[in-house]
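For what it's worth, this note's numbering labels the leading residue of the sequence shown as -9, then goes sequentially.
All C-beta atoms, glycine included, are put in the ideal place defined by N, C-alpha and C.
Notes follow once the structure below has been shown.
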Amino acid sequence: MAQTRGDGVPGSGATHGIRGEGRRSALGALWLFAGILAAWPAVEVVRTHALGAWFGEGGALRGEGALYDDGTFTGTPFQAFLLKPLTEVPELAVGVVWALGTLLGLAALCALTARALPAAVSRRTRLLAPPLAVILVAVTVPVRDTPLLAVAGLLPVLLAVAGWLYSSRRVGPVLVGLAAALQPAVLLFVPLLWLRGRRRAAFAAAGTFAAATAVAWVFLPVDSWAYWIRNTPGEEGRSLHGVLLRLGLTGPGEIALAVAMAVVVAVLALRRAVRYAGEGQLLLAAAVTGCAGIAVAPVTWPYQQLWVLAAVVGRVGRRSQDRLVWPVFVVLAMTLRGSVLAPEIDVLSFFGENAVLIAALLAACAVPFLPRDHALWERPESAGPFSRPNLLLELLLIRVGYWIYSYVRGLAPDGRDLAEEHGRQIIAAERALHIDIEHWINDMTAASDWLGASMDFYYATFHFLVPLTLLAWMYVTRPARYRTYRAALGFTTLFGLAGFWAYPLAPPRLMPGLGYIDTKNGPQNFDDPDFGALTGVANQYAAMPSLHVGWSLWCALVIWRLAPYRRLRLLGFLYPLATTMVIMGTANHYLLDAVGGAAVAAAGFLAARALNRAIALTRLDRPQPEETDREAVGPAIGKETSRLRS
């Protein structure tokens, strides 16, 4: 007998069962992936015998009074006191304990933060949040770069968050005090408890910190003296003090400036944290306080920056698409290198190198997180397809997208023999078609200094300048078209990357013995496989298809669609034609590469069109607000009318 729903529609129960099984399988696969990522730091520690630096023969924890001499150990003396007994345990057993501690710490922290969310969430969110949180923490730079210190960074955060959330219980302040003994910046939670009116909890947390620190002084007096009194934080710190040192400021003036900035940040952060805690956003209050601790501490190590991730729970922005800017920035700052977020230019590289500290300062002092009772907290303003995308989010995605493009292009196969064999295939095909005109154009370009210099400038500059200018113009004047054509450009680039992988090709200037002239880099040393001035920057065998032509054709098609005058639309196609001449004149591409570029541009527009159709169909499948309101409100109105009539 066929299964039916309550309304008599047959088969819906079976469909629901199939969907349920698919969701369970997807959730299981997600947890498996999260487990693999979370286990990697622990496995890496065991595989590389990294624990030997602490627990092995001559390790930091085995020496007397040498704990901080070589910079191997960066924890507090209390942490060393807790870890000292493990020096008597075989290193392999310590590695197993360390691995389990890493996994349990990640799972406990993610479960705790998921339960501390300030609003009720759907069942799907409750199921997906823990594995996604584990994945996010596992791929952060601090955990990736310092697997040995993963537990050292996770445990204080876990203890502080648990102690703050359960500060009304006796164990809560004790956990906060222990966290501060492991990571002194957590001491900011003591004034937070005081300002929240929980003075007994504040005294208990401070007392626990003092007792734990005193125990370390009793058993490790030399190391405690070195940590608290003798050692001076250096430029490697990730706090405000470390930044000032890296900027060249030293002496009493630098110390006074660092202290003044720390006081301002702490006061602003604590005021904000108290307000958020009063609204019921306890996790956000903890994140703001932890981020302030990162900034004001005398020294902050990378593994102590995990507090910044907790700040993604704050909601910012009026429109739905604005809500993505802050979490995207935080995730990118925590998972990517500084050189990815900002170009390697003297002025901008500073912001990239200190992206996590900047995120911490913004979370502590500046980001206008919405209050819990704000009308837009639950339901932001809807951003339709004709609205202008968020500019900050667009800039972030463009920058990261270009880095991904450069990275994937650099990973494409670049074997010289295969690339040159493909080059000979292209030349043979062009000769058979009687379109091998690259040599003639390249000789003509190289014979004229001004023509060669002009084409080199064109090749290096227009490729980025023209598409970015068109994107900026569409963003301001045609936001709906901007979304569509941005997607087309993205698909064009994606298809181009696929071509680089599928068909590595040596450009004419890198084909030996054929007489092509590299107008930019000069003669090549063919005895060195890594010849060429740009080989260390980009994969020189990523020539098929030519994205110079693909992007220029994208520009021409955009102008054709949007230009108000027919002559201007026709003039737009001069750009890809000129680009085709330039790529051959500089010996960077063959004519068939230009054909490949045109093909990926056309495929990019078709893919963007298909994506738009899919999005439109999805919107049509959704219940219309008017129909939903009528279905929900209609019966209620009918009952109320009957009651009034009677």
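Segment contact flag, the region 484 to 491 with the region 578 to 594, C-beta cutoff 8 Å, min 3 pairs: yes
Selected residue, minimal CA-CA separation from Leu93, among Leu27, Cys355, Ser229 and Thr467: Leu27
Under 8 Å between C-beta atoms of Ala582 and Glu411: As written in the sequence, residue 582 is Leu, which differs from the Ala given in the question. No, Cβ-Cβ distance for Leu582 and Glu411 is not below 8 Å.
Tyr397 burial status per 10 Å Cβ neighbour count (16 or more: buried): exposed
Arg309 in three-state terms, based on DSSP: strand
When Tyr217, Ala250 and Pro181 are compared against Leu172, the one with the closest alpha-carbon: Tyr217
Close-in-space but distant-in-sequence residues of the same chain around Ala356 (CB under 7 Å, 5 per side omitted): none
Rounded separation between Trp544 and Leu479 - CA only: Cα atoms of Trp544 and Leu479: separation of roughly 7 Å, rounded to the nearest angstrom.
Rounded straight-line distance, which links the Cα of Ser310 to that of Val302: 15 Å
Counted within 10 angstroms of its Cβ, other Cβ atoms place Tyr58 as buried (16 or more) or exposed: buried
Assigned secondary structure, Glu269 (DSSP; H/G/I helix, E/B strand, else coil): Shown here, Glu269 sits in coil according to DSSP, grouped into three states, outside any helix or strand.
DSSP three-state assignment for Glu371, whether helix, strand or coil: Correct three-state label for Glu371: strand.
Where the alpha helix (DSSP H) through Trp491 begins and ends: Pro469 to Ala492
Within 8 Å, strictly: CB atoms of Gly167 and Gly197: yes
Short Cβ contact (8 Å threshold) for Ala128 with Trp30: yes
Whole-Å CB distance - Pro498 paired with Tyr448, under 8 Å assumed: Incorrect: roughly 17 Å between the Cβ atoms, too far for contact.
The region 247 to 254 in contact with the region 202 to 220 per 3-pair CB rule at 8 Å: no
Given 8 Å, three or more beta-carbon pairs between the region 454 to 467 and the region 535 to 552: yes
Rounded C-alpha distance that separates Ala353 from Phe341: 16 Å
Own chain partners of Asn380 with C-beta closer than 6 Å, once the 5 adjacent residues on each side are dropped: Cβ neighbours of Asn380 beyond the five flanking positions: Gln311, Asp312 and Val315.
Ser536 - containing alpha helix (DSSP H), residue span: Note, Ser536: premise wrong, no alpha helix (DSSP H); not H, not E.
Whole-number beta carbon distance between Leu495 and Tyr531, since they are thought to touch under 8 Å: Going by Cβ atoms, the distance from Tyr531 to Leu495 rounds to 6 Å, so yes, they are a contact pair.
N-terminal and C-terminal residue of the alpha helix (DSSP H) that Glu47 is part of: That residue, Glu47, is in no alpha helix (DSSP H); it is neither H nor E in DSSP.
Contact check, Gly405 vs Met501, beta carbons under 8 Å: no
Span separating the alpha-carbon of Leu607 from that of Ala600: 11 Å
Whole-angstrom distance between Ala259 and Gly283, CA atom to CA atom: Gly283 and Ala259: Cα-Cα distance of roughly 9 Å.
Classification of Phe454 by the beta-carbon crowding that lies within 10 angstroms, buried from 16 upward: exposed
Coarse secondary structure for Val357, derived from DSSP in three states: coil
Exposed unless 16 or more other CB atoms sit within 10 angstroms - verdict on Gln415: exposed
Burial state of Trp430 (16 or more Cβ within 10 Å): When all chains shown are included, Trp430 counts as exposed.
Selection from Leu272, Gly268, Val131 and Val233 that minimises the alpha carbon distance to Pro288: Val233
Cβ-Cβ distance between Gly280 and Val147 below 8 Å: yes
Coil, strand or helix - Phe209 by DSSP: helix
Member of Gly594, Arg228, Pro403 and Val257 whose CA lies at the smallest distance from the CA of Pro132: Closest by alpha carbon: Arg228.
Cβ distance (whole Å) where Thr451 is taken to contact Thr509 below 8 Å: Contact check for Thr451 and Thr509: beta-carbon distance about 15 Å, past the 8 Å limit, so the pair fails to qualify.
Cα-Cα separation between Leu99 and Arg114, rounded to whole angstroms: 19 Å
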